[in-house]
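The sequence shown: position 227 = 249 (our numbering), numbered continuously. Just so it is clear, CB atoms sit at the ideal spot from N, CA and C, and this is done for glycine as well. These numbers were taken from a predicted model, which means no experiment stands behind them.
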Amino acid sequence: MQAVDLTAGTIRYAGIAEIESVDAGVVLHRMPGWARRQHNDLSLALLETMPSGGRLEFDTAATVLAVECHLTHIQIGDATRRPAVFDLVIDGELVDSAATFEGTLISVDPRTGGIDLTPGGDATVTFELPSGHHHVALWLPNNAAVRLRTLSADATVTAPTRPAALRWTHYGSSISHCMEADRPTGTWPAVAARLAGADLQSFAFAGQCHLDPFAARMIATRPADAISLKLGINIVNADSMRERTFVPALHGFLDTIRDHQPETPITVITPITCPVVESHPGPTSIVDGTCRVHPRPAELAVGALTLERIRQLERDVVDARRNDDPHLHLVEGPELFGPDDVHDLPDGLHPNTTGYQRMGERFHHIAFTDAGPFVSRSSAGRPA
């Protein structure tokens, strides 16, 4: 087996903003260093090292591939623990997967916020590849932080030579991070990207979609052919903005992107269905595995946001800008996951694997086909 130099440029770290060389390997970051220095949230610091939408791309004639890495898993309360899964895609076809529970475990008490850390060892996953020279895309776990130790193969690995595909940047919350999906190619952005043959960069971080200025700059300064912004649920659930602050914040977010990418199609996606906050403001919490709201005095609810209200505000903002911005579009979240889909919303907030699959297929149809907002930029590239 030959070890591949992780920093020599042979591997394309697709969907990864930056790699950081550390002792015995590299850390994969979905946020660049300057953005990581502009927040002080420990959860976001971990979540951005979870490579949802990330993959290692290269060409090789190898028949055996091995990856050694250290994984950090999160366990929330008594929720069923899920393994970290790696998906092997060869020449655009999903051919194999490998799952592991190895690694460090962070256990979080959802009631108190208390954290327990259980150290663990490194994981090694091995794949057998068909004979011949192939393009390989190894999709990385969507629900665990990854420190890549080594990549080894029984033949030479070279930089990928596939034709350029449509570059799609997506920003969102846990419902786009998709930690509940049972495999990395099962997140809804991954489903849509593979169907469209698009090159996905996911800036979706669970619980962290609050129109942060650094997030706008991350999107703005990353060249893209299509941009989507799935906004609202975290702001309602964390009660992090009121109507007075949300509207100018959304305008400012869009302004920052437009300062750098004036003609790139941008699609604002309103929140999907979440029954408990459709007409009741947040904050919410997960109690006994279910999303709950909490009563508040009427005087504290003035200007508080519900999903019904935040959808209308997003429509209003997009409508107000359209005369000057013909490349700005809106997709209604309930068209991706609506009231008829709640049987696939087990905790009342996050879709399950089946729900995410359906969301990805629907977004692909809406955005990438017929007269969709991204269709004029779409290529005929194969899915990665």
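In or out: Pro211 buried (at least 16 other Cβ within 10 Å) or exposed?
Within the sequence shown, residue 211 is the residue found at index 189, counting from 1. Of the residues assessed, Pro211 falls on the buried side of the cut-off, its CB having 16 or more other CB atoms within 10 angstroms.
Please state if the CB of Leu327 and the CB of Glu383 are separated by a distance shorter than 8 Å.
Within the sequence shown, the letter at position 361 stands for residue 383. Within the sequence shown, the letter at position 305 stands for residue 327. No, Cβ-Cβ distance for Glu383 and Leu327 is not below 8 Å.
Quick check on the burial criterion: 16 or more other C-beta atoms within 10 angstroms. Buried or exposed for Asn256?
Position 234 of the sequence shown holds residue 256. It counts as buried.
From this set, Ser307, Ile33, Pro206 and Asp341, which residue's C-alpha is nearest Arg104's C-alpha?
Stepping through the sequence shown from its first residue, residue 104 is reached at position 82. Closest by alpha carbon: Pro206.
Quick one: what does DSSP say Val213 is sitting in, helix, strand or coil?
One-based indexing of the sequence shown puts residue 213 at position 191. Three-state result, Val213: helix.
Going by DSSP in three states, Ile38 sits in which element: helix, strand or coil?
Here residue 38 refers to the residue found at position 16 when the sequence shown is read from its first residue. In the structure shown, Ile38 sits in coil (DSSP, three-state: anything other than H, G, I, E or B).
At what residue ranges does the stretch 30-77 contain a whole run of the beta strand (DSSP E), taking only runs of 3 or more?
34-36, 40-44 and 47-51
Specify, as a first and last residue, the run of the alpha helix (DSSP H) that Thr278 falls within.
Taking the first residue of the sequence shown as position 1, residue 278 is located at position 256. Unbroken alpha helix (DSSP H) run through Thr278: Glu265 to His282.
Taking C-alpha atoms, which residue in Ser301, Thr191 and Ala67 lies nearest to Ala248?
One-based indexing of the sequence shown puts residue 248 at position 226. Residue Thr191 is the option with its Cα nearest to Ala248.
Starting from Thr306 and walking both ways along the beta strand (DSSP E), at which residues does that stretch end?
Counting from 1 along the sequence shown, the entry for residue 306 is found at position 284. Here the beta strand (DSSP E) through Thr306 covers Thr306 to Val309.
So, do the stretch 48-66 and the stretch 162-170 have three or more beta carbon pairs nearer to each other than 8 Å?
yes
His199 in three-state terms, based on DSSP:
The sequence position of residue 199 within the sequence shown is 177, counting from 1. Three-state DSSP puts His199 in a helix.
Please report how far the alpha carbon of Gly31 lies from the alpha carbon of Val258, in whole angstroms.
Locating residue 31 in the sequence shown gives position 9, where the first residue counts as 1. Locating residue 258 in the sequence shown gives position 236, where the first residue counts as 1. About 42 Å.
Asp109 in three-state terms, based on DSSP:
Residue numbering aside, residue 109 sits at position 87 when the sequence shown is read from its first letter. In the structure shown, Asp109 sits in a strand (DSSP, three-state: E or B).
Mind checking Gly195: buried by the 16 CB within 10 Å criterion, or exposed?
Counting from one through the sequence shown, the residue named residue 195 turns up at place 173. A quick correction: the sequence has Ser, not Gly, at residue 195. When all chains shown are included, Ser195 counts as buried.
Quick one: Cα of Asp234 to Cα of Leu69, how far?
Start at 1 with the first residue of the sequence shown, and residue 234 comes out as number 212. Start at 1 with the first residue of the sequence shown, and residue 69 comes out as number 47. Taking the straight line joining both Cα atoms gives about 15 Å.
At what residues does the beta strand (DSSP E) containing Glu300 begin and finish?
Locating residue 300 in the sequence shown gives position 278, counting from the first residue. From DSSP, Glu300 is part of no beta strand (DSSP E); its letter is neither H nor E.
Can you name the start and end residues of the beta strand (DSSP E) that Arg169 belongs to?
On the sequence shown, position 147 is the one that residue 169 refers to. Start and end: Ala166 to Ala175.
Where the alpha helix (DSSP H) through His386 begins and ends:
Translated into the one-based positions of the sequence shown, residue 386 becomes position 364. His386 -> alpha helix (DSSP H) spans Thr375 to Phe390.
Any contact between the stretch 339-358 and the stretch 284-299? By contact I mean 3 or more CB pairs, one from each, below 8 Å.
Output reads yes: the stretch 284-299 touches the stretch 339-358.
Once you ignore the five residues that flank Asp109 on each side, which residues in its own chain have a CB closer than 7 Å to its CB?
Position 87 of the sequence shown, counted from the first residue, corresponds to residue 109. Hits under 7 Å: Leu116, Ser119, Trp161, Arg205, Pro206 and Thr207.
What is the DSSP secondary structure of Gly219, counted as helix, strand or coil?
Residue 219 sits at position 197 when you count from the first residue of the sequence shown. Correct three-state label for Gly219: coil.
Measure the beta-carbon distance from Ser74 to His199 and round it to whole angstroms, keeping in mind my assumption that it falls under 8 Å.
As a position in the sequence shown, residue 74 is number 52, starting the count at 1. As a position in the sequence shown, residue 199 is number 177, starting the count at 1. 5 Å between Cβ atoms; contact.
According to the neighbour-count rule (16 or more other Cβ atoms, all chains shown, within 10 Å of its Cβ), is Ser307 buried or exposed?
Numbered from its first residue, the sequence shown carries residue 307 at position 285. By the neighbour-count rule (16 or more Cβ atoms within 10 Å), Ser307 is not buried but exposed.
For Leu188, three-class secondary structure by DSSP
As a working mapping, residue 188 is identified with position 166 in the sequence shown. If DSSP states are grouped into helix, strand and coil, Leu188 belongs with coil.
Give the straight-line distance between the Cα atoms of Thr312 and Ala101, rounded to the nearest whole angstrom.
Translated into the one-based positions of the sequence shown, residue 312 becomes position 290. Translated into the one-based positions of the sequence shown, residue 101 becomes position 79. If I take the Cα positions, the gap works out to 10 Å.
Based on the DSSP secondary-structure assignment, which residues constitute the bridge partners of Asp138?
Counted from its first residue, the sequence shown places residue 138 at position 116. Asp138 is bridged to Ser129.
For Ser153, tell me which candidate among Pro132, Ile137, Phe80 and Thr85 has the shortest Cα-Cα distance.
Position 131 of the sequence shown, counted from the first residue, corresponds to residue 153. Ranking Pro132, Ile137, Phe80 and Thr85 by Cα distance to Ser153 puts Thr85 first.
Closest by CA to Glu330, which one among Arg344, His157, Glu300 and Pro185?
Within the sequence shown, the letter at position 308 stands for residue 330. Answer by Cα proximity: Glu300.
Considering only the beta carbon of each residue, do Tyr193 and Ile137 sit closer than 8 Å?
Reading the sequence shown from its first residue, position 171 is the one you call residue 193. Reading the sequence shown from its first residue, position 115 is the one you call residue 137. In this structure, the beta-carbon distance from Tyr193 to Ile137 does not fall below 8 Å.
Do Ala106 and Ala88 have their CB atoms nearer than 8 Å?
In the sequence shown, counting from the first residue as 1, residue 106 sits at position 84. In the sequence shown, counting from the first residue as 1, residue 88 sits at position 66. No, these two residues do not count as a Cβ contact at 8 Å.
Would you call the CB atoms of Leu276 and Arg343 closer than 8 Å?
For this step, residue 276 is matched to residue 254 along the sequence shown. For this step, residue 343 is matched to residue 321 along the sequence shown. Going by C-beta atoms, Leu276 is nearer than 8 Å to Arg343.
For Val290, count the other beta carbons within 10 Å of its own beta carbon; 16 or more makes it buried, fewer makes it exposed. Which is it?
Taking the sequence shown and counting its residues from 1, the one referred to as residue 290 is at position 268. Buried.
Quick one: Cα of Thr376 to Cα of Val130, how far?
What you label residue 376 is simply residue 354 of the sequence shown in a count that begins at 1. What you label residue 130 is simply residue 108 of the sequence shown in a count that begins at 1. Roughly 26 Å between the two C-alpha positions.
Considering Cα atoms alone, identify which of Leu272, Arg34 and Ile112 is closest to Ile332.
To locate residue 332, count along the sequence shown from 1; it is residue 310. Nearest to Ile332 by alpha-carbon distance, out of Leu272, Arg34 and Ile112, is Leu272.
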